[in-house]
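**Student:** Residues 1482 to 2041 in my numbering are what the sequence shown spells out, letter by letter.
Sharing a structure here in structure tokens format.
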Amino acid sequence: MPLRKKDIYLGLINQITRLMTERPPAGAMSRGGLQQCFVAISFLLSLLSSPTQAANIFLDWNVAFDRTIKPVGEDQPVITINGMFPGPLIDSTTNDEIYVNIFNNLDEPFLMTWNGIEQRLNSWQDGVKDQIGSFFYFPSINFHKAAGGFGPIRVNNRQVIHVPFDKPEGEFDLLIGDWNSSPFKLTRTFITGIAGIGPVTHEYMLINGKGPYNNSWGGQHESIEVEQGKTYRLRISNVGTELSFNLRIQNHQMILVETEGSYTQKITFDSLDVHVGQSYSVLVTANKPVSEYFIVAASTHPSLDISGVAVLKYKYSTTQPSGPLPVGPPPSDKDFSISQAKAIRWNMTAGAARPNPQGTFNVTNVTISQIFILHSSYARINRRNHFTVNNVYYFTPSTPLKLADFIANGTGVYQLDKFPVNSNNAEVIQGTFVASGIHKGWAEIVFFNELDEMNSWHFDGFGFYVVGLGNGEWSSAARETYNLFDPVVRSTIQVYPGGWSAVYVYLDNPGMWNLRSQILKNWYLGQELYVRVYDADPDPAKERPPPGNLLHCGIFDGQI
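Below, the structure written as structure tokens:
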């Protein structure tokens, strides 16, 4: 098998380094020779870090309904990808180019979203640039997410970038989320206005699409095998539609090391809260007697006592897990969860997609160009349910916003800055909510949750610095409590009932970007807006032009 260029470059670097570090005879290598070696290594490292060394990954996915899987033992349609539920792992490395051909075998439209993957330079389609970390994909229209179609994404470091922890023995993806035995009833429930503001009564918590250990219908449970004395990386994602969960492993601790593309300071937890749309990496060492141990993901909703239960199985174990399930904090203990969230901070000395430390760019002295204060609320109008942002519930036009912006500056489709971003609209109204974002400006976004349920927010195209969380209504005095030194950068932030979360975001990515609730019913019923980050410079290095096969639809149907 021929050697790849990367292998050749690494081999040359190793040889040159050996020459420099082995003790040579006196005078064998001059100062000029050492300098030439440094230059040679720098050149080879630059070749290794070049995007041209990235791999091209081609995937063909067939999306279909399957009634034979029965994750909870009932006859229900589950969305599979190539017959798999959850879908196949996308295992990639920074700068890889991934081409996914999706063939829709459903009897309705289908749209895939790559959660947490920033679309850099190209808001016409999803893409990966300068990222590492743990993410997932999921379908994003028609309540499809409640029926499956999700799967894990790993973006690994390039070999030349140091990972701030020892290489684990292995890695496991844990996709965990709430599940209902009749997911498509959810759509009808909310559209017809049958349900009020209360939460859907979810019945199960699945782990990798499987029911809990020793379930009543005799279905499979998830089991991961480890070897005593070895350390493993668990990549955990909340792929559910509404419920946060607390994860714990019987008699084992977890060391947090990464969240959604950011290496964190190492923190040891007995349990970890994971909110809808969020992903984490933890290290777990199999340092207990050879046996089997419970892994529990328990809902943190105070009135929904459901748990997913998997098994951590030691190699050569001949015993079953035993004893009570590990207990976490009380679901009503919001203070515990907020304190834990505040403790999650950026590892300022670690590199990520690039060799420079994450902390070379921080928010200590940034100048804020604009402020968004976004109130999440609920309204029931004409016996219909609506979730709002600043008293506006989103109307989806037939013409895509990006297309309208490109062809006609939005004319006939939306009116820019029609609705307030710092206060509530005078009355609850439906509208296509599009706000201006100042290109290359820093925005402060404050999410205030007027609901008595947990919320999560996500901003396509950007990661944001989580500078503050708190109870009660936000005021400017809360800025005194912000962490501006080492706030973690992530793509989804939780907002506690009756509380607020504040983030900073650098709007350096031109395009039309969706800012939305990750709670499926909230998003589906209007809790979203778009931020238009505009740069008049047509330089493709800032934003690529639209693809040649761009479809003209909506009011531009038939135009060339």
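Every residue, glycine too, gets a C-beta built ideally from N, C-alpha and C.
Does DSSP put W2004 in a helix, in a strand, or in coil?
**Tutor:** As a first step, residue 2004 is located in the sequence shown; it is residue number 523 there, counting from the start. Note: W2004 maps to helix in three-state DSSP.
**Student:** Go ahead and label V1790 buried or exposed: buried means 16 or more other beta carbons lie within 10 angstroms of its beta carbon, across all protein chains shown.
**Tutor:** The residue labelled residue 1790 in the question sits at position 309 within the sequence shown. Buried: at least 16 other Cβ atoms inside 10 Å.
**Student:** For W1981, count neighbouring Cβ atoms within 10 angstroms of its own Cβ and tell me buried if that reaches 16, exposed if not.
**Tutor:** Walking along the sequence shown from the start, residue 1981 turns up at place 500. Buried.
**Student:** Should the stretch 1556 to 1566 be called in touch with the stretch 1627 to 1636, which here means at least 3 C-beta pairs below 8 Å?
**Tutor:** A contact exists between the stretch 1556 to 1566 and the stretch 1627 to 1636.
**Student:** Does the beta-carbon distance from W1938 to T1973 come in below 8 Å?
**Tutor:** Start at 1 with the first residue of the sequence shown, and residue 1938 comes out as number 457. Start at 1 with the first residue of the sequence shown, and residue 1973 comes out as number 492. Taking 8 Å as the Cβ cut-off, W1938 and T1973 qualify as a contacting pair.
**Student:** With a cut-off of 8 Å on the beta carbons, I'd call I1819 and N1719 a contact; round off their distance for me.
**Tutor:** As a working note, residue 1819 is residue 338 in the sequence shown. As a working note, residue 1719 is residue 238 in the sequence shown. With 8 Å as the limit, I1819 and N1719 do not qualify as a contact, their Cβ atoms being about 17 Å apart.
**Student:** Does P2019 come within less than 8 Å of chain C when only Cβ atoms are used?
**Tutor:** Judged by its chain identifiers, the structure shown contains no chain C, having just a single protein chain.
**Student:** Cβ of I2036 within 7 Å of any heavy atom in the ligand SAM?
**Tutor:** This structure lacks the ligand SAM; in fact it carries no ligand of any kind.
**Student:** Please report the Cβ distance between N1871 and L1855, rounded to the nearest whole angstrom; I am assuming they are in contact, meaning their Cβ atoms lie under 8 Å.
**Tutor:** To locate residue 1871, count along the sequence shown from 1; it is residue 390. To locate residue 1855, count along the sequence shown from 1; it is residue 374. Confirmed, Cβ separation roughly 6 Å.
**Student:** Considering only the alpha carbon of each residue, which of R1835, H1920 and L2032 lies closest to D1611?
**Tutor:** Here residue 1611 refers to the residue found at position 130 when the sequence shown is read from its first residue. Ranking the options by Cα distance to D1611, first place goes to R1835.
**Student:** Could you check which residue in F1619, P1991, A1860 and S1743 has the C-alpha nearest to that of E2024?
**Tutor:** Position 543 of the sequence shown, counting from 1, holds the residue named residue 2024. If we check each option's Cα against that of E2024, P1991 comes out closest.
**Student:** So S1762 and R1714 are in contact, right, with Cβ under 8 Å, and what is the actual spacing, rounded?
**Tutor:** In the sequence shown, counting from the first residue as 1, residue 1762 sits at position 281. In the sequence shown, counting from the first residue as 1, residue 1714 sits at position 233. About 6 Å separates the two Cβ atoms, so the contact holds.
**Student:** Would you kindly check if the distance between the Cβ of A1536 and the Cβ of D1588 is under 8 Å?
**Tutor:** Within the sequence shown, the letter at position 107 stands for residue 1588. Within the sequence shown, the letter at position 55 stands for residue 1536. Not closer than 8 Å, so no.
**Student:** Determine whether the beta carbon atoms of Y1463 and W1923 lie at a separation below 8 Å.
**Tutor:** The displayed coordinates of the chain run from 1482 to 2041. Any statement about residue 1463 would go beyond what the structure contains.
**Student:** For E1773, which option in D1754, S1780, P2028 and K1794 has the closest C-alpha, if you only look at C-alpha atoms?
**Tutor:** Walking along the sequence shown from the start, residue 1773 turns up at place 292. When each option's Cα is compared against that of E1773, the closest is K1794.
**Student:** What are the boundary residues of the beta strand (DSSP E) that includes S1780?
**Tutor:** Counting from one through the sequence shown, the residue named residue 1780 turns up at place 299. Looking at the DSSP string, the run of the beta strand (DSSP E) that includes S1780 is E1773 to S1780.
**Student:** Please determine, among Q1839, W2004 and N1732, the residue with the shortest C-alpha to C-alpha distance to I1776.
**Tutor:** Indexing the sequence shown from 1 puts residue 1776 at position 295. If we check each option's Cα against that of I1776, N1732 comes out closest.
**Student:** Count the other C-beta atoms from every protein chain shown that fall within 10 angstroms of the C-beta of S1511, then say buried if there are 16 or more, exposed otherwise.
**Tutor:** As a working note, residue 1511 is residue 30 in the sequence shown. Because the pLDDT at S1511 is just 46, under 50, the model does not fix this residue reliably, and the value given afterwards should be weighed accordingly. Result: exposed.
**Student:** For E1961, which three-state DSSP category applies?
**Tutor:** Taking the first residue of the sequence shown as 1, we reach residue 1961 at position 480. The answer is helix: DSSP assigns E1961 an H, G or I state.
**Student:** Could you give the residue range of the beta strand (DSSP E) that holds A1924?
**Tutor:** On the sequence shown, residue 1924 is found 443 positions in, with the first residue counted as 1. W1923 to N1930 is the extent of the beta strand (DSSP E) around A1924.
**Student:** Beta-carbon within less than 8 Å of F1887's beta-carbon, same chain only, minus the 5 sequence neighbours each way: which residues are those?
**Tutor:** On the sequence shown, position 406 is the one that residue 1887 refers to. Result list for F1887: P2027, in chain order.
**Student:** Helix or strand or just coil, what does DSSP make of D1886?
**Tutor:** Position 405 of the sequence shown, counted from the first residue, corresponds to residue 1886. D1886: helix per DSSP, three-state reduction.
**Student:** Looking at the strands, I want to know which residues DSSP matches up with W1542.
**Tutor:** Residue mapping note: residue 1542 aligns to position 61 of the sequence shown, counting from 1. I1583, per the DSSP bridge assignment.
**Student:** Using a threshold of 8 Å, state whether the C-beta atoms of S1460 and I1538 are closer than that.
**Tutor:** The displayed coordinates of the chain run from 1482 to 2041. Any statement about residue 1460 would go beyond what the structure contains.
**Student:** Taking the runs of the alpha helix (DSSP H) that are 4 residues or longer, which of them lie wholly in the stretch 1775 to 1832?
**Tutor:** Runs found: 1815 to 1824.
**Student:** Specify whether the stretch 1912 to 1928 and the stretch 1843 to 1858 touch according to this definition: at least 3 beta carbon pairs, one from each stretch, less than 8 Å apart.
**Tutor:** Output reads yes: the stretch 1843 to 1858 touches the stretch 1912 to 1928.
**Student:** Leaving out five residues before and five after G2035 in sequence, what residues of the same chain have Cβ atoms less than 8 Å from its Cβ?
**Tutor:** The residue you call residue 2035 lines up with position 554 of the sequence shown. The residues are P1878, S1879, T1880, P1881, L1884, A1885 and V1894.
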